[in-house]
Amino acid sequence: MTETLERWSASLARELDIADLEVDIDAVLALAGVAAHAVLRPAAPLTTYLVGYAAGRAAALGEASGEQATARASEIAAALARSLER
161 MTETLERWSA SLARELDIAD LEVDIDAVLA LAGVAAHAVL RPAAPLTTYL
211 VGYAAGRAAA LGEASGEQAT ARASEIAAAL ARSLER
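The opening residue of the sequence shown carries number 161 in the numbering used here; numbering runs sequentially from there.
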């Protein structure tokens, strides 16, 4: 599974013109898992989308590096999901 996800991630990144982006697949899946279990399964893709958007926005505005912005947005999302755990 990991190899398939790595290939998919690399292919998609190339198509989106962000081929130099390093994706921590395990971290993305862990965050998706927290959201899916704490909120609802469909919260997983929604959470990862919003985290990516927020991180990209923060990085574009110069508020943080991409890595810092991603880590911060992920922490916020995970904490919120855990606080709402069913």
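Glycine included, every Cβ here is placed at the ideal spot set by N, Cα and C.
Where residue i falls: helix, strand or coil (DSSP)
i	result
Glu-223	coil
Asp-180	coil
Glu-175	helix
Pro-205	helix
Backbone CA spacing between residue i and residue j [nearest angstrom]
i	j	result
Val-194	Glu-227	20 Å
Leu-200	Leu-191	13 Å
Ala-239	Trp-168	28 Å
Gly-212	Leu-206	10 Å
Ala-241	Val-188	14 Å
Glu-245	Pro-202	14 Å
Glu-223	Ala-229	8 Å
Leu-172	Leu-181	11 Å
Asp-177	His-197	32 Å
Residue i: CB within 8 Å of a non-hydrogen atom of the ligand ATP
i	result
Val-199	With respect to the ligand ATP, the structure shown offers nothing to examine, as it has no ligands at all.
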